[in-house]
Amino acid sequence: MQPPSTGAGAMSRLLPLLLLSSSLFALTTNADERGLLQFYDCPSNTNYTRGSAFQANLIALLSFLPAAVAASSGFAENITGSAPDQAYGLAQCRADLNASDCRACLDGSARDMTAMCPGQKSAMLIYDGCLLRHSNASFSGVVDTSAWVCMCNTQNMTQPEEFSSRLGALMGNLTAKAAYASPQMFAAGETSLTPFVNIFGMAQCTRDLDDDDCNRCLTRAVASIPSCCDRKQGGRVIYRTCSVRYEVYPFYNAHAAEAAMSPAPTPGGGPVNGSDHSGPGSNGSSRTVTTALLVSIPVAVGLLVLLLVSACLCKRNRKPRKHVPVASNMHSDAEEMRSSESLLYDLSTLRAATDNFSEENKLGEGGFGPVYKGTLQNGQDIAVKRLSATSQQGQVEMKNEVFLLAKLQHRNLVRLLGCCIEEHERLLVYEFLTNNSLDKILFGAAFRQP
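Per mature numbering (1 follows the signal peptide of the UniProt record, and there is no 0), the sequence shown runs over residues -31 to -1, 1 to 419.
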């Protein structure tokens, strides 16, 4: 189906603010971009009189709608005043917006309406995430494709035939979901084009339409894509009562979109169709409740038994803790402290010894970090193990372990000389051995030569 005419007369009434370039087609998942005005429509040539009853009704209407939409499920329509000065209005947010983002999108919309269409009895503003419309005549439930706007991504499709085929299938599916399966007349989804590229699509109607009118509006919008955005990898078609969009990147809130497409819960847990099944006809509901109980009770009992068994096993396998006696001699403690302090190396000393941990001095790397050869100022050769940032050992625990290992002396053990804990570094200093016993201790099974 060919799109409607967009001649000079129509364009004078329907003014797109911009044709989106690729830079403006970046992700629109933040509230700032949702408030971007896409186009405004001033279809009426009839102005209202300043200070008239219609103007008063319109002001009241435009102040009511944004708050009403944010407080509801994202849609509101209202009639203010009495004939012949009634003001009819409708406001709606994209179904994947939460209440705060919806309100942020509509904030200032009444002011924009006055600026874009001053004195007009009928006008419409469409933002990226919401819309606002008013008129002096009722338009509720009337599908309107008489005026439209098309915006396209400047980038071309990489596989035009396959892209068009996948896009058509996706948008056809979203059209059916929005019209007949979504309580908010909204659908969003994606399809795979290549292992690395997906096509994302969205379709939405104003919720004053019935299902068939929504389907008719969206079908026409989808049919306009080839002539509007031929071979482009992104674009949108917007009518007064519906819109469609597709991109090669996610531009909607997937989690919120999924929730918006889910069937609305029935108030009070009653049946969806609203029929009274409290009498003999309630066998279906009774069977459902019985089945739920039969499934949930054994599961709960099983979990309880499992917890009890686990607790018993843990208690049985728990080993008694050994209490290490603590010396109370203050003189001994002081001597031990002085001895412990001598095990601490300055970071600058170790950097100088290893040539700032250069690759030339790297001996290898184990599961906990690399090991470097170094030479202290007194000529002593050392091996410095540099613990990786992923090590979970705390500084206090590391110090205690170093002090303990430094006291252990055995001919089959490599002697630990000390450690360094400065800035973000955790370093262990060992005596350097020329044979492979150092490799076994420092690297273990994870050793690899650089």
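Backbone N, C-alpha and C fix where the C-beta goes; we use that ideal spot for every residue, glycine too.
- Is V340 closer than 9 Å to A321 when the C-beta atoms are compared? For the purposes of this step, residue 321 is identified with residue 352 of the sequence shown, where counting begins at 1. For the purposes of this step, residue 340 is identified with residue 371 of the sequence shown, where counting begins at 1. No, the Cβ-Cβ distance between A321 and V340 is not below 9 Å.
- Compute the Euclidean distance between the alpha carbons of G98 and S212, then round it to the nearest angstrom. Taking the first residue of the sequence shown as 1, we reach residue 98 at position 129. Taking the first residue of the sequence shown as 1, we reach residue 212 at position 243. Using only the alpha carbons, I get a separation of about 11 Å.
- Confirm, please, whether the CB-CB distance from A45 to L34 is below 9 Å. Numbered from its first residue, the sequence shown carries residue 34 at position 65. Numbered from its first residue, the sequence shown carries residue 45 at position 76. Cβ distance < 9 Å, so L34 and A45 count as in contact.
- Assumed close pair M140, A106 - CB separation to whole angstroms, cut-off 8 Å: Taking the sequence shown and counting its residues from 1, the one referred to as residue 140 is at position 171. Taking the sequence shown and counting its residues from 1, the one referred to as residue 106 is at position 137. Distance from M140 to A106 at the Cβ level is roughly 32 Å; contact not present, criterion being Cβ atoms closer than 8 Å.
- Under 6 Å Cβ to Cβ from A303, same chain only, skipping five residues before and after it: list those, please. Here residue 303 is taken as the residue at index 334 of the sequence shown, counted from 1. Any reading at A303 is ruled out, since the residue's pLDDT is 43, under 50, leaving its predicted position unreliable.
- Task: Kindly indicate which residue of L59, C74, M93 has the alpha-carbon position closest to the one of D65.
- Result: The residue labelled residue 65 in the question sits at position 96 within the sequence shown. The shortest C-alpha separation from D65 is found at C74.
- Item | DSSP bridge partner residues for T49 (one or two, in chain order) | The sequence position of residue 49 within the sequence shown is 80, counting from 1. Partner residues in the beta bridge of T49, as assigned by DSSP, are A56.
- Message: Looking at the secondary structure, which residues open and close the beta strand (DSSP E) in which V353 lies?
- Response: In the sequence shown, counting from the first residue as 1, residue 353 sits at position 384. Its beta strand (DSSP E) spans residues 350 to 355.
- Contact belief for G343 with N330 at Cβ below 8 Å, rounded distance in angstroms: Residue numbering aside, residue 343 sits at position 374 when the sequence shown is read from its first letter. Residue numbering aside, residue 330 sits at position 361 when the sequence shown is read from its first letter. Contact flag correct, Cβ pair sits at about 6 Å.
- Item | N-terminal and C-terminal residue of the alpha helix (DSSP H) that S317 is part of | The residue given as residue 317 occupies position 348 in the sequence shown. Looking at the DSSP string, the run of the alpha helix (DSSP H) that includes S317 is 316 to 322.
- Start and end of the beta strand (DSSP E) containing L385? The count along the sequence shown starts at 1 and reaches residue 385 at position 416. 385 to 391 is the extent of the beta strand (DSSP E) around L385.
- Terminal residues of the continuous beta strand (DSSP E) containing E159? For the purposes of this step, residue 159 is identified with residue 190 of the sequence shown, where counting begins at 1. From DSSP, the beta strand (DSSP E) with E159 extends over 155 to 163.
- Item | CB of A36 within 9 Å of CB of R72, strictly | Mapped onto the sequence shown, residue 36 falls at position 67. Mapped onto the sequence shown, residue 72 falls at position 103. Yes; because the gap between Cβ atoms is below 9 Å, this pair is in contact.
- Message: Between Y17, G43, S104, which has its C-alpha nearest L31's C-alpha?
- Response: In the sequence shown, the residue the question calls residue 31 occupies position 62. Here the closest residue by C-alpha is S104.
- Message: So, with DSSP's three-state summary, where would you put M126?
- Response: Indexing the sequence shown from 1 puts residue 126 at position 157. The answer is coil: DSSP assigns M126 none of H, G, I, E or B.
- Query: Which term fits A84, buried or exposed, when burial requires 16 or more other beta carbons within 10 angstroms of its beta carbon?
  - Reply: In the sequence shown, residue 84 corresponds to position 115, counting from 1. With fewer than 16 Cβ atoms within 10 Å of its Cβ, A84 is classed as exposed.
- Task: Give the straight-line distance between the Cα atoms of S357 and S161, rounded to the nearest whole angstrom.
- Result: Start at 1 with the first residue of the sequence shown, and residue 357 comes out as number 388. Start at 1 with the first residue of the sequence shown, and residue 161 comes out as number 192. Rounded to whole angstroms, S357 and S161 show a C-alpha spacing of 40 Å.
- Message: Considering only the alpha carbon of each residue, which of R80, E392, P219 lies closest to D315?
- Response: Position 346 of the sequence shown, counted from the first residue, corresponds to residue 315. Per the Cα distances, E392.
- Message: On the criterion of 16 or more Cβ atoms from any shown chain inside 10 Å, does R80 qualify as buried, or is it exposed?
- Response: The residue labelled residue 80 in the question sits at position 111 within the sequence shown. Per the 10 Å Cβ criterion, exposed.
- Task: Report the rounded CA-to-CA distance for A192 versus P152, giving the unit in angstroms.
- Result: On the sequence shown, residue 192 is found 223 positions in, with the first residue counted as 1. On the sequence shown, residue 152 is found 183 positions in, with the first residue counted as 1. Their backbone Cα atoms lie some 24 Å apart in a straight line.
- Taking Cβ to Cβ, would you say A157 is nearer than 9 Å to G170? Taking the sequence shown and counting its residues from 1, the one referred to as residue 157 is at position 188. Taking the sequence shown and counting its residues from 1, the one referred to as residue 170 is at position 201. Contact flag set, yes.
- Exposed or buried, which one is Y149 when buried takes at least 16 other CB atoms within 10 Å? Start at 1 with the first residue of the sequence shown, and residue 149 comes out as number 180. By the 16-neighbour rule on beta-carbons within 10 angstroms, Y149 is exposed.
- Query: V111: buried (16+ other C-beta within 10 angstroms of its C-beta) or exposed?
  - Reply: As a position in the sequence shown, residue 111 is number 142, starting the count at 1. With fewer than 16 other Cβ atoms within 10 Å, it is exposed.
- Roughly how many angstroms lie between the CA atoms of I207 and A145, to the nearest whole one? Within the sequence shown, numbered from 1, the residue matching residue 207 stands at position 238. Within the sequence shown, numbered from 1, the residue matching residue 145 stands at position 176. The alpha-carbon atoms of I207 and A145 are separated by roughly 18 Å.
- Query: So is E400 buried or exposed if we call it buried at 16+ other beta carbons inside 10 Å?
  - Reply: Position 431 of the sequence shown, counted from the first residue, corresponds to residue 400. So E400 ends up on the exposed side.
- Query: If you run the structure through DSSP and keep just helix, strand and coil, what is L187?
  - Reply: The residue you call residue 187 lines up with position 218 of the sequence shown. Helix.
- Message: On a Cα-Cα basis, can you pick out the residue from I194, V217, S196 that is closest to Q202?
- Response: Here residue 202 refers to the residue found at position 233 when the sequence shown is read from its first residue. Comparing Cα positions, the closest option is V217.
- Under a Cβ-count criterion, where at least 16 other Cβ atoms within 10 Å of its own Cβ denotes burial, should G348 be classed as buried or exposed? Locating residue 348 in the sequence shown gives position 379, where the first residue counts as 1. Under this definition G348 is an exposed residue.
- Task: Can you grab the Cα-Cα spacing for the pair A190 / Y57, in whole Å?
- Result: Taking the sequence shown and counting its residues from 1, the one referred to as residue 190 is at position 221. Taking the sequence shown and counting its residues from 1, the one referred to as residue 57 is at position 88. Straight-line Cα distance between these residues: approximately 25 Å.
- Query: Which one of D113, V118, I194, S21 has the shortest CA to CA distance from Y96?
  - Reply: Counting from one through the sequence shown, the residue named residue 96 turns up at place 127. Nearest Cα to Y96 within the set D113, V118, I194, S21: V118.
- Could you give the C-beta distance for T9 and M93, rounded to a whole number, given that I count them as a contact under 8 Å? Position 40 of the sequence shown, counted from the start, is the residue given in the question as residue 9. Position 124 of the sequence shown, counted from the start, is the residue given in the question as residue 93. The sequence shown places Tyr at residue 9, rather than the Thr named in the question. Going by Cβ atoms, the distance from Y9 to M93 rounds to 7 Å, so yes, they are a contact pair.
- Task: Measure the C-alpha to C-alpha separation of Q61 and L272 and round it to an integer number of angstroms.
- Result: Here residue 61 is taken as the residue at index 92 of the sequence shown, counted from 1. Here residue 272 is taken as the residue at index 303 of the sequence shown, counted from 1. Whole-angstrom Cα-Cα distance: 47 Å.
- Using 10 angstroms around the beta-carbon of E334, count the other beta-carbons present and answer buried if the total reaches 16, otherwise exposed. Along the sequence shown, one-based indexing puts residue 334 at 365. Buried, because 16 or more other Cβ atoms sit within 10 Å of the Cβ of E334.
- Spatial distance of V38 from M126 (CA atoms): As a working note, residue 38 is residue 69 in the sequence shown. As a working note, residue 126 is residue 157 in the sequence shown. Looking at the two C-alpha atoms, the distance is approximately 37 Å.
- Query: When the Cα atoms are used, what is the spatial distance from N47 to G204?
  - Reply: Counting from 1 along the sequence shown, the entry for residue 47 is found at position 78. Counting from 1 along the sequence shown, the entry for residue 204 is found at position 235. Distance between the alpha carbons of N47 and G204: 32 Å.
- Helix, strand or coil: how does DSSP classify N16 here? Looking up residue 16 in the sequence shown gives position 47. Note: N16 maps to strand in three-state DSSP.
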